[in-house]
Structures are given as C-alpha cells and as structure tokens.
Amino acid sequence: METLPLNVIIVEKNGLLKMLSIKDFREEELFKKCGFKKADDFTKQTQWNIKLSGTKYIVEVYAKTEGRANSENKYDFPPPIDTKLFFGNCVIISKKQDLSDEGKFKYTNLSLDLWEKMYEKLFGGFEDLTMTAIEDENEIDELENIPKEKKTKDGYLKDGFVVDSSDTEDEKFASDADDDDDDDEANTNEDDSDEIDGEDDLELELLGSELSEDDYEYDTTTDDEEGEGSEESEKNEQES
Numbered sequence: 014m015e016t017l018p019l020n021v022i023i024v025e026k027n028g029l030l031k032m033l034s035i036k037d038f039r040e041e042e043l044f045k046k047c048g049f050k051k052a053d054d055f056t057k058q059t060q061w062n063i064k065l066s067g068t069k070y071i072v073e074v075y076a077k078t079e080g081r082a083n084s085e086n087k088y089d090f091p092p093p094i095d096t097k098l099f100f101g102n103c104v105i106i107s108k109k110q111d112l113s114d115e116g117k118f119k120y121t122n123l124s125l126d127l128w129e130k131m132y133e134k135l136f137g138g139f140e141d142l143t144m145t146a147i148e149d150e151n152e153i154d155e156l157e158n159i160p161k162e163k164k165t166k167d168g169y170l171k172d173g174f175v176v177d178s179s180d181t182e183d184e185k186f187a188s189d190a191d192d193d194d195d196d197d198e199a200n201t202n203e204d205d206s207d208e209i210d211g212e213d214d215l216e217l218e219l220l221g222s223e224l225s226e227d228d229y230e231y232d233t234t235t236d237d238e239e240g241e242g243s244e245e246s247e248k249n250e251q252e253s
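No gaps in the numbering here: position 1 of the sequence shown is 14 in the working numbering, and each next residue is one more.
Rendered as structure tokens:
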C-alpha cells in the first residue's frame, strides 16, 4: 500500500491540540499515533463535509469510546459528537477534493489554522467580541439629538414602554388628586342635601306655627262675639 507524509491533528485528553507530521501515513495505524497499544475500539466516530473558500473537504475523527476512569477526553468537539464521550487521545485527519482527478478526495495536510476555521464553521460561526466592542463604540446614539423634555430621567424616550419613576409618581399623584376631588364633590352634595332637608324642616315648623296662630285667633274672635251677643240679650230683657 502506498504511503505518504501527512500532517494530522492530535487531540490530547486534556483538550489541547497539536499538529503531528507523519512520515509514512497509514490509516490503520492511527491508533499508535494516539498512544494506544491496540486498535480495539479505535474507530472513525464521525465525518464532516466542509466547503471553505470554494474548496471541499472531508474531515474525519478517530477515537475510542471505552477506557479507564479519569482518562476522558476534555475537548469540545462540534456536533454531532459534541455529547459523545471519548477516552485518551483522538486524531483528526482531512481529505480535499482534487478537481484535476475527477473530483476525487485525497488526503491533505491539516494545520491548526485550517482546523480552527473548520471548527468555527461547524459550530455555525462565532461572534468576534473585539470587533463587536469596536462597532458598539462607533455606533451613533439615536437619542443624542432628542430634546431632554422628550426623555425620561433615565434617558429613555417617553414612548409608554419605559416609564421614569418620577412620571409614575406624578401620575399617581394626579390620580389621587382626582379621587380626592370626587370625594369632596360627593361630600359637598351630601352637605347640600342636608342643608336642603334642614330648610324644608324649618319651613314646615314655621308653617305649622302660623297655622296654630290662625287657629288661636279664630277661636278668640268667636268667644268675643259670643260674649257681646249675651250682653245685648240681657239689655233687651231689662228694657222690656
């Protein structure tokens, strides 16, 4: 079988990566490059098809899924083996499509830089925190040219979503004042009602007093008339 020199990446059990140059590469002997004495359980765990800068790659991972306790590999692999547990060292190899040879995939050197780009692509891309911070600093503040009277104490727009604490207190004060006005109006109506009732009672008392006085005068007038009639009757009898 034809052999060739090839650069691969060894994933140590502590999670560190290192590039290993193999003078005579043989796939069936990869377990030895990971420090294992036997090839038992050392198999291909996954294969990724990746396209970078117009070039197609096939990336393969070889590892063991059985091993001694405390020998678990701590590296975070991309899906679909991100939840799979491996033991000891692992190895990553790569193949590249050769368009000059009917598009066949052939083994190719895998550097740490190239794997880093593949790793990022397999995870869906990572956000560059440094660039994000620079963009945030250069971003124009949309509220900078907004008049102060249209912003809350905390610098937000008075749009009904973010309410300043002082605005809340003002609204509460206005609400309480409205409630007090309603209570005062209700009390005023009750007082007016009491005054009206009092006036009605007073008028009734005065009316009752006038009626009693009329009755008394009427009775007095009747008694006088009866007295005068009696005196005239006695005088007529004497003259007779």
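The beta carbon of each residue, even a glycine, is placed where N, CA and C say it ideally should be.
Three-state class that DSSP yields for residue i in the structure shown
i, result
"K119", "strand"
"K108", "strand"
"L19", "strand"
"E79", "coil"
"K69", "strand"
"K163", "helix"
"S178", "With a pLDDT of 47 at S178, under the threshold of 50, the modelled position of this residue cannot be trusted, and the question is left open."
Residue range of the unbroken alpha helix (DSSP H) whose run includes residue i
i, result
"E133", "125-135"
Where residue i falls, given that 16 or more other Cβ within 10 Å makes a residue buried
i, result
"G48", "exposed"
"G101", "buried"
"K77", "buried"
"K163", "exposed"
"L123", "buried"
"N86", "buried"
"K26", "buried"
"S225", "Residue placement at S225 cannot be trusted, given a pLDDT of 47 that sits under 50; what the coordinates show is reported in the next sentence. Exposed, because fewer than 16 other Cβ atoms sit within 10 Å of the Cβ of S225."
Member of the options whose CA lies at the smallest distance from the CA of residue i
i, options, result
"K117", "K36, K69, T56", "K69"
"R109", "F100, K119, C103", "With the sequence shown as reference, residue 109 is identified as Lys, and Arg is not the correct amino acid for it. Out of F100, K119, C103, K119 has the C-alpha closest to the C-alpha of K109."
"G137", "T16, P91, E115", "P91"
"A82", "F99, E40, S66, V72", "F99"
"D255", "G80, P160, N20, D95", "The question about residue 255 has no answer, for the chain in this structure spans 14 to 253."
"I263", "I159, P18, K130, K161", "The requested residue 263 does not occur in the structure, where the chain is confined to residues 14 to 253."
"P18", "I35, V104, E40, L127", "I35"
"L30", "L135, T16, S113, W128", "W128"
"V104", "Y132, I159, F44", "F44"
"V24", "V74, T59, P93", "V74"
"T16", "G67, L65, E41, K50", "E41"
"I106", "S113, D89, I71", "I71"
"P93", "E133, W61, S113", "W61"
"L65", "K134, K57, I159, P160", "K134"
Interface flag, residue i vs chain D, CB-CB below 8 Å
i, result
"K134", "Checking the listed chains, one finds no chain D in this structure; it contains a single protein chain."
Unbroken stretches of the alpha helix (DSSP H), 4 residues or longer, contained in the segment 22-58:
43-46
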